[in-house]
Amino acid sequence: MFKKLVFLFVLALFSVPTFVSIAQEPQGLPVDVPREEMFVIDQIFRYGVAGNYNIWQTAGTTPHRHAMMDETLWYIDQETGERVYGAAISDPMYNDDFTQMTVELRQGLEWSDGVPFTAADVVYTVETLKATPELGQSGWHAQFNQFVDTVEATDDYTVVFNLLESNPRFHNLFETRWNGVYIMPKHIVENVEGDLGTWTNPEPVVLGNYIPTQFDPNGFWELYERRENWETSVAGTVIGNPGPQYVLTIFYGDSSRKAIAMSRGELDVYFDADIEAFETTLDTTPTARSWYADFPWAYPNEVSTRQLAFDFETQPLFQDVKVRWALALSLNIVELQTEYIGGVAKVTPLPVPATPSLTAIYLDPMQEWFENLEIDLGDGTMYKPYDSTVPDQIAAWAEAQGYTVPGEPADVFGPGWWKFDLEAAETLLTNAGFSRDGGGNWLTPDGEPFTIDLQSPPDENDAFRMANAAADMWSDFGIDVNLQGLERAVWDQNYFVGQVEVYTPWMNFALASGDAWPEVRGDHPRYYVPNGEDVRPAGGNAFFQGQRLQDPQIGEYIDAMAAITPSDPANVETATEFFKYWTENLYAITVISFKKFVTWDERYWTGFPTAENPDRMPLYWFQAGKFTIQALAPIN
Amino acid sequence: MLTTLRDLLRFSPSFRLGSIILLLAAILVILSFFSPYEPDDRRAVERNVAPSIEYWFGTTSQGQDVFWMLTFAVRNTLIVAGIAVSIGRGIGVILGMISGYLGGVVDRILSSIVDSIIVIPRLPLLILIATIMRGQMTIVALGLLIGILDWAYPSKRYRSQVLSLRERSFTHTAVFSGMNAWKIVIQEHLPFIIPFLLADVVSGFLFAIGIEVTLSILGLSDLDTQTIGSMIYWGNYYQSLLTNRVWVLLAPIGASIVVVVGFYLVSIGLSEYLDPRKRLARLRVKE
Amino acid sequence: MTLLRQYILPRIVQWFVVIFVGISITFLIPRLSPVNPVDNALGRLTSFQTMDPEASQQMRATLLDLYGLDGSIVDQYLNFWGRLIKGDLGPSFQSFPTPVMQIIGAGIGWTIGLLGTSILISWTLGLILGSLAGYFSNTWWAKLLERVVITIYPVPYYILAFILLMLFTYYWPLFPLVGGSRGEPAFTWEFISSVLYFGFLPALSLVIGGTAFRFIMAKALASTEMTSDYVQYADLAAVPKRKILFFYVIRNTMLPQVTDLALSLGALFEGALITEVVFGYPGVGYTLYNAINSGDYNIIMGITLLSIVGIATASLLVDLIYPFLDPRVRLR
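Protein sequences appear in the order of chains A, B and C.
Taking the working numbering, the leading residue of the first sequence gets 47, the next gets one more, and so forth.
Taking the working numbering, the leading residue of the second sequence gets 93, the next gets one more, and so forth.
Taking the working numbering, the leading residue of the third sequence gets 2, the next gets one more, and so forth.
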């Protein structure tokens, strides 16, 4: 009797999974759509507002919807730095004093229900957003009230914005890096009964090419279907290719789960993974690849950079520029970029990433200045810290590993970085009043052991590994470094209120177009907040203001840039001057550009941009990612 | 005392095995004081080496020797669990027994307090507190925290255990024959409570280790102190399963199993020894 | 009548007190956390692109107003009870303006289904197997079972779940990685079987962990009970072993077991946080975890409220049915 019971139990334990999985033919996708008609993309977050398509609300996280459903006037492609016309067909045209902006709209566009798109839609969007505080998406409501006096359609395809004050960058609101003002279907929204703040747009009519048809109430996934009149959508017109019939965005979770999903053929592209998971993908999924077909694989041109940033108030010793330079010169960038990062990201001495467009605008023209830059070691000795052979050294490492470097080392690994020169670092620290104790460890001018509390969130892979490298190298140099890996929410809080000495933020000083002011305006010292208080309520850039840096000179550069139009050559010149000032002071140690293991599987779809075929950015999660998806073709 | 130990080792196979296992754990703990590396050393040895004669349990992706890491991890995890269990079970046993024996108003008040604490979900509360503490979470703090949050359930269990004992016929017999209340508790009831307590202590250890691992996985404990949880966290972080470097995870998992199994076996042996009737039954078998 | 006045009524008053205290504590604690929902929402908006700092300050004010967080903590507390009495838990901040009720509604069914089923299965299995093993402690299968169980039991739950996930989604890709079902909910075989299919692995992990725990408790209780005089008498009286076990031993060890079952059923409203995170299973545990990370007080409150009421009620019910389960428990 009991033996039978146990036997039955064991039997059930094995038969039930077998039975269930046979009945289901192992297939883990949550929708019933033919696999070869569906492109499955890695959803970067869970949707916060599942089933609510009123994307103009002060909404929670809505990844990918902006690329799938929504249109704005212009897109900046981060790979090429070029402006792509979206719903507009002209550049923004300003009057002489930048108080009026005129835009010509693309003709022949239709909404997904066949109604033509006209200037009335744009005017209605601006007026509605301006009038409705509940529609707080991306702060457009606040910014329209700040800048826009009136907006009018002078004909069906021309819109004129009359501004309250001179603003040469008003068009930035309609031009993407991440997103731009989503244009509303006037014929739908004006007929909404009740409060727009709570309307959920249950049956979205879209200007983008995809209509959401199914969703997970818990926000794990959303299924989109291509609209029938795709030829009259923006991406359809620009690319001229229908794109996949269905697109599924799905949230798998961490790197390992994405790698597993791809090996199972249940994910066509993931936006990033750590290098271990990426290497697993290469092993398990022969049809998968990233930007480069081979080493260094990853997409290196997302527009941002990573820093080791100082909090100048927790540790006032950082206020001495000699200490900052000593810390930079005691980092071995070649070892950091290879042993810790895997050789797959570009190095950069500036908070400007070494993308092709920004290299051409800033890094290349500044190369000579970098090479001639001299710093004072503190005793009057002038020293040249820059090393332009860094990319060659990395290339030599790569070749020693048996890799082929796909191009000029400087194009693949960045322009150059600071020398690894412990002697110079030693001189700098000594001249800053530091000394070594008997064990070779550094003592501060007060005779206390020199310790650095370095904090970094492990889930930000490159930042954390960069922090590991810094901790190891500074320790070798004789500094007592305490590296803390902190959960992200915790880490965020610590630099918000200044409970950190060195942290690993990302900073970016220029848009892909080369315009610097929109990226640095939040770095103005007027948004300075002292240590102990949260930096965010002041409104500045939290990553930057976490440094508690008070240098009025920075404010003067930023004010000067604000007054120049982005197209004026003086704009780049002023920005360059600012970058030189920043570099001489080395207020934060910029280490590497962003890289992403944007990896796709060519099992079902082809046509994703690659290094051999760099027509556009592969960053499908930005609003301009719509073009990337639109260009896909089935593999057979 | 020594005789008891000798008897236990001689007659209880589970106690014997359990003691050997715990002895192993103790040796690991002692070894941690003789480690050739500092606990937070990275790049101390070659990275990603599989277990070998030189590195018994292999090395990690950060260049640490897994064996020596494990000695620190077992020590620290035992500290966390030990603190948590002594606090949690201490409070739990006392409150549970007071409430069960005294009954009436005292029971009602204590039960209300216990119930108010019980209803608050523990793991979310721990996560919240860990977030509030923002990286100031040392292992001692963690142990205290787990202990403070883990006494309500045990106390409720002890109370119901006591309630059930109180209604047993032998209690009534003892009461009618004029036995002193303390005597009843100590002579008649404790032999029943202690096996329960021992099983409960083991599950308390397990709970504490589990919570320690869980908070580490969520990145909320002190990730830079070697514990079983933080070893698992870093093993996962460097994808040791995907990349087939399983030894990094096997060591902490194995250690957590070994330690708890050791405690479990010892607790079985002890409770059999303490239960007078069971001991008789066993002796009869031996004869 | 005395029963009602002396036992039941105070117990019900206690129920109210417990819930009130529990809710007040959970109202307060998240507000001590430095993670606050307004700055969190702003951070989300500005993490990919910079926003005009003046505009972001204006937005801050608007959000404080919309979220109902601009008053003092006392005002917020009073408001909270005012709304709660009307059955309104307010909007989620993270998913503004979605009502908390709707968000919990989306997850609670999954959680109850998954946890309820696996708790019941593991409770029954553990109780029966544990009592069997305790009763027949000298047979080979009881020893084997015990050895297996005590090896599985100490494995931290996360590890167990993670190993199952890797085994059955990667090395042997039989089960799905994420989600609760396929397609739109409908009363069809396709949908129902997909719920079973998607829920299998998470349920298995919970059942294994839960059974091991219950097994050990049941075995400990049964082997204590085994030595009771009545069992010996029954044995001498040649009562069939099966009958002794099921009618006397198990029944007598039920009291603490039922308490535990009721409490764990009551606790299921807080969800299986780790299970849901590991298996990407939609449920309130995962939602709660996200809410804690983003300072979404209203969601934290909503879910803990359910959990508090759930456990308090379960424990009330247990106390009320105690006398029926074990007639030896007399009122004092």
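Heads up, the beta-carbon is just placed ideally off N, CA and C, and yes, glycines get one too.
The structure presented is a predicted model; accordingly, all values stated were derived computationally and were not measured.
Could you check which residue in the options has the C-alpha nearest to that of residue i?
| i | options | result |
| --- | --- | --- |
| B:Lys248 | B:Asp199, B:Phe268, B:Met229 and B:Pro283 | B:Asp199 |
| A:Val169 | A:Glu494, A:Ile229, A:Phe523 and A:Glu630 | A:Ile229 |
| A:Glu214 | A:Asp142, A:Gly132 and A:Glu156 | The amino acid occupying residue 214 of chain A in the given sequence is Pro; Glu does not appear at that position. Nearest option by C-alpha distance: A:Asp142. |
| A:Met147 | A:Thr204, A:Thr178, A:Phe589 and A:Val95 | A:Thr204 |
| B:Asn168 | B:Phe288, B:Asp316, B:Thr95 and B:Tyr329 | B:Asp316 |
| A:Asp366 | A:Glu506, A:Asn477 and A:Ala133 | A:Asn477 |
| A:Gly586 | C:Pro38, C:Pro54, C:Val18 and C:Val39 | C:Pro54 |
| A:Tyr93 | C:Ser96, C:Ile193, C:Thr260 and C:Gln103 | C:Ser96 |
| A:Pro411 | A:Val618, A:Pro138, A:Lys672 and A:Gly97 | A:Val618 |
| C:Leu85 | C:Gly281, C:Arg6, C:Phe21 and C:Val196 | C:Phe21 |
| B:Val137 | B:Gln154, B:Pro143 and B:Ser124 | B:Gln154 |
| A:Met512 | A:Gly544, A:Glu385 and A:Asn487 | A:Glu385 |
| B:Val294 | C:Ala143, C:Ala221, C:Asp230 and C:Leu70 | C:Ala221 |
| A:Val543 | C:Leu115, C:Val36, C:Leu264 and C:Asn291 | C:Val36 |
| C:Gln103 | C:Ser57, C:Leu116, C:Leu115 and C:Asp89 | C:Asp89 |
| C:Phe94 | C:Val319, C:Leu289, C:Ala313 and C:Ser194 | C:Leu289 |
Relative to the ligand ATP, is the shortest distance from any of its heavy atoms to the C-beta of residue i smaller than 7 Å?
| i | result |
| --- | --- |
| C:Leu29 | By its list of ligands, the structure shown contains no ligand whatsoever, and the ligand ATP lies outside what it can speak to. |
Buried or exposed for residue i, going by 16 or more other Cβ atoms inside 10 Å?
| i | result |
| --- | --- |
| A:Arg310 | buried |
| B:Ile360 | buried |
| A:Phe297 | buried |
| A:Ala446 | exposed |
| C:Leu165 | buried |
| A:Gln183 | buried |
| A:Asp201 | exposed |
| A:Arg352 | buried |
| A:Phe668 | buried |
Which residue marks the beginning of the alpha helix (DSSP H) containing residue i, and which one marks its end?
| i | result |
| --- | --- |
| B:Thr263 | Ser261 to Phe268 |
| C:Pro98 | No alpha helix (DSSP H) contains C:Pro98, which DSSP labels as neither H nor E. |
| A:Met230 | That residue, A:Met230, is in no alpha helix (DSSP H); it is neither H nor E in DSSP. |
| B:Tyr193 | Val158 to Leu194 |
| A:Gln539 | Arg534 to Val543 |
| A:Asp195 | Here A:Asp195 belongs to no alpha helix (DSSP H); instead the beta strand (DSSP E) covers Val194 to Asp201. |
| A:Ile498 | From DSSP, A:Ile498 is part of no alpha helix (DSSP H) but of the beta strand (DSSP E) over Thr497 to Ser502. |
Expressed to the nearest angstrom, what Euclidean distance is found between the alpha-carbon atoms of residue i and residue j?
| i | j | result |
| --- | --- | --- |
| B:Leu236 | B:Val172 | 8 Å |
| A:Val644 | A:Ser403 | 20 Å |
| A:Ser158 | A:Arg273 | 6 Å |
| C:Val156 | C:Leu178 | 22 Å |
| A:Val575 | A:Thr636 | 22 Å |
| B:Tyr356 | C:Ile151 | 8 Å |
| A:Ile87 | C:Gly108 | 23 Å |
| A:Met560 | A:Ile610 | For clarity, residue 560 of chain A is Gly in the given sequence; the question names Met instead. Roughly 13 Å separates the two Cα atoms. |
| A:Pro250 | A:Asn507 | 37 Å |
| C:Trp190 | C:Ile105 | 26 Å |
| A:Trp443 | A:Thr333 | 27 Å |
| A:Ser136 | A:Phe317 | 32 Å |
Would you give the residue range spanned by the beta strand (DSSP E) that residue i belongs to?
| i | result |
| --- | --- |
| A:Gly531 | Asp526 to Gly531 |
| C:Ile147 | A small correction: the amino acid at residue 147 of chain C is Glu; Ile does not occupy that position in the sequence shown. Note, C:Glu147: premise wrong, no beta strand (DSSP E); alpha helix (DSSP H) at Trp141 to Ile153. |
| A:Tyr270 | Trp267 to Arg272 |
| A:Asp647 | Thr645 to Asp647 |
| A:Phe85 | Met84 to Asp88 |
For this session: Could you name each continuous alpha helix (DSSP H) segment of 4 residues or more that falls completely within the segment 382-455 of chain A, going from the start of the chain to the end?
Result: 410-418 and 436-446
For this session: Could you pull out every unbroken alpha helix (DSSP H) segment of at least 4 residues lying fully inside the segment 96-184 of chain A, listed in chain order?
Result: 111-115 and 165-177
For this session: Can you check the segment 226-261 of chain B for any beta strand (DSSP E) of at least 3 residues that lies completely inside it and give the ranges in chain order?
Result: none
For this session: For the segment 178-247 of chain C, list the alpha helix (DSSP H) runs that are entirely contained and at least 4 residues long, ordered along the chain.
Result: 190-227 and 230-237
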